[in-house]
Amino acid sequence: MRAERILILTGAGISAESGVPTFRGPDGLWEGHRVEDVATPEAFARDPVLVQRFYDARRAHLGKVAPNPAHMALGRLDAAWPGDLLIVTQNVDDLHERGGARRLLHMHGELKSAWCTRCDRRHPWGGTLSDQPPCPGCGHRGALRPDIVWFGEMPYGMHHIYNALDRCDLFVAIGTSGHVYPAAGFVAEARAAGARCIEINLDPSMVSDQFHESRLGRAGDLVPKLVEELLQGC
65 MRAERILILT GAGISAESGV PTFRGPDGLW EGHRVEDVAT PEAFARDPVL
115 VQRFYDARRA HLGKVAPNPA HMALGRLDAA WPGDLLIVTQ NVDDLHERGG
165 ARRLLHMHGE LKSAWCTRCD RRHPWGGTLS DQPPCPGCGH RGALRPDIVW
215 FGEMPYGMHH IYNALDRCDL FVAIGTSGHV YPAAGFVAEA RAAGARCIEI
265 NLDPSMVSDQ FHESRLGRAG DLVPKLVEEL LQGC
């Protein structure tokens, strides 16, 4: 497969194969919590202890999961690809990094990062936040929150992402539902710019009809095959 500039979007489906729970569960629950209880600024203002404990638990869970063959294949692509490449993930876990990806943008933030709302600095974080530790930068207690983009907040790196969408000649979406915007609109942007668009998913997404090609199956099976195609063609 011929391409020079690639943009890859990954969603919950790629990490689900590693044992990371997906966002959309039965009855709209996320690990037993409603979105409104743990993933909005209003929820944090209303019950910061609940929200901090929720993300503390998710952060701790990262130690129990490992990158799967899809993450490893994208890491291999990152290391070997001679052209432009950007991997944009909606996931907040660190499985892409552990799989070797470096040209990576977390548009919804990262579990292993804490944001100080007092000094506006972000810090690598592997421990808990519910015990209100001091900010490593300003020393203020109670100002650190998960560095996660909640509903109603602007995703990170949008200018960079749209520039890459305008330039890419191949757009690949892996394990995405097509429910959540702005990410669900990326395929339309890439296609309008002339890119070939490929979807890899267990089931067709909400925007499957906008892709040139849909490959249905497990990311762990299909992503390594796609990476092999790309590297053979470069």
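Heads up: take any position in the sequence shown, counting from 1, add 64, and you land on our numbering. Yeah, the Cβ is synthetic: ideal placement off N, Cα and C, and Gly gets one too. Bear in mind the structure is a predicted one, so any value in this text is a computation, not a measurement.
Touch check for the region 109-120 and the region 181-197: three-plus C-beta pairs under 8 Å?
The region 109-120, when compared against the region 181-197, does touch it at the 8 Å Cβ threshold.
When we look at the beta-carbon of E293 and count the other beta-carbons within 10 Å, is it buried (16 or more) or exposed?
Burial call: exposed.
Q274 and R260 look like a contact to me (Cβ under 8 Å); what is the Cβ gap, rounded to whole Å?
Not a contact, Cβ separation roughly 12 Å.
What are the partner residues of I264, as DSSP defines its beta bridges?
Paired residues: I238, R279.
Give me, in chain order, the residues of the same chain whose beta-carbon lies closer than 6 Å to that of E277; leave out the 5 immediate sequence neighbours on both sides.
Once the five neighbours on either side are set aside, the close Cβ partners of E277 are I262.
Could you give the distance in angstroms between the alpha-carbon of G284 and the alpha-carbon of P112?
Going from the Cα of G284 to the Cα of P112 covers about 36 Å.
By a C-beta neighbour count over all protein chains shown, 10 Å radius and 16 as the cutoff for buried, is Q296 buried or exposed?
By the neighbour-count rule (16 or more Cβ atoms within 10 Å), Q296 is not buried but exposed.
How about L290 and I264: do their beta carbons lie closer than 8 Å?
Going by C-beta atoms, L290 is nearer than 8 Å to I264.
Mind checking whether T153 and L168 have CB atoms under 8 Å apart?
In this structure, L168 lies closer than 8 Å to T153 by Cβ.
From this set, H125, Y226, P246, P288, which residue's C-alpha is nearest L150's C-alpha?
Of H125, Y226, P246, P288, the residue nearest in Cα terms is Y226.
Which of helix, strand or coil does DSSP assign to H243?
The answer is coil: DSSP assigns H243 none of H, G, I, E or B.
Below 8 Å, can you find three or more Cβ-Cβ pairs linking the region 174-193 to the region 204-214?
A contact exists between the region 174-193 and the region 204-214.
With DSSP run on the structure shown, which of helix, strand or coil describes D91?
Unreliable positioning characterises D91 in this predicted model, as indicated by a pLDDT of 49, which lies under 50. A coordinate reading is not provided.
Which residue spans inside the region 161-225 form an unbroken beta strand (DSSP E) run of at least 3?
DSSP runs (the beta strand (DSSP E)) wholly in the region 161-225: 168-170, 173-180, 186-188, 208-212.
Is S82 closer than 8 Å to L138 when the C-beta atoms are compared?
Going by C-beta atoms, L138 is not nearer than 8 Å to S82.
I'd like to confirm the pairing. Which residues does DSSP put opposite R69 in its beta bridges?
Its beta-bridge partners are D148.
Would you kindly work out how many angstroms separate the C-alpha atoms of F298 and P105, rounded to a whole number?
The sequence as given places Cys at residue 298; Phe does not occur at that position. In a straight line, the C-alpha of C298 is about 45 Å away from that of P105.
Leaving out the 5 sequence neighbours to the left and right, which residues in its chain are closer than 8 Å to G147 when beta-carbon positions are compared?
Cβ within range, chain order: A67, E68, R69, I70, C298.
Count the other CB atoms within 10 Å of the CB of A130; is the residue buried (16 or more) or exposed (fewer)?
The residue is exposed, with fewer than 16 neighbouring Cβ atoms inside 10 Å.
Using only the alpha-carbon positions, how far apart do S272 and K128 sit?
If you take the alpha carbons of S272 and K128, they lie about 32 Å apart.
Flag this pair as yes or no: are the beta carbons of R182 and C202 separated by less than 8 Å?
Yes, they are a contact pair.
Out of curiosity, what's the CA-to-CA distance linking Y245 and G206?
C-alpha separation (whole angstroms): 31 Å.
Which residues does DSSP list as the beta-bridge partners of T153?
In DSSP, T153 forms a bridge with T74, H170.
Which stretch, first to last residue, makes up the alpha helix (DSSP H) that contains D101?
99-102 is the extent of the alpha helix (DSSP H) around D101.
Along the alpha helix (DSSP H) that carries E253, what are the first and last residues, could you check?
250-256 is the extent of the alpha helix (DSSP H) around E253.
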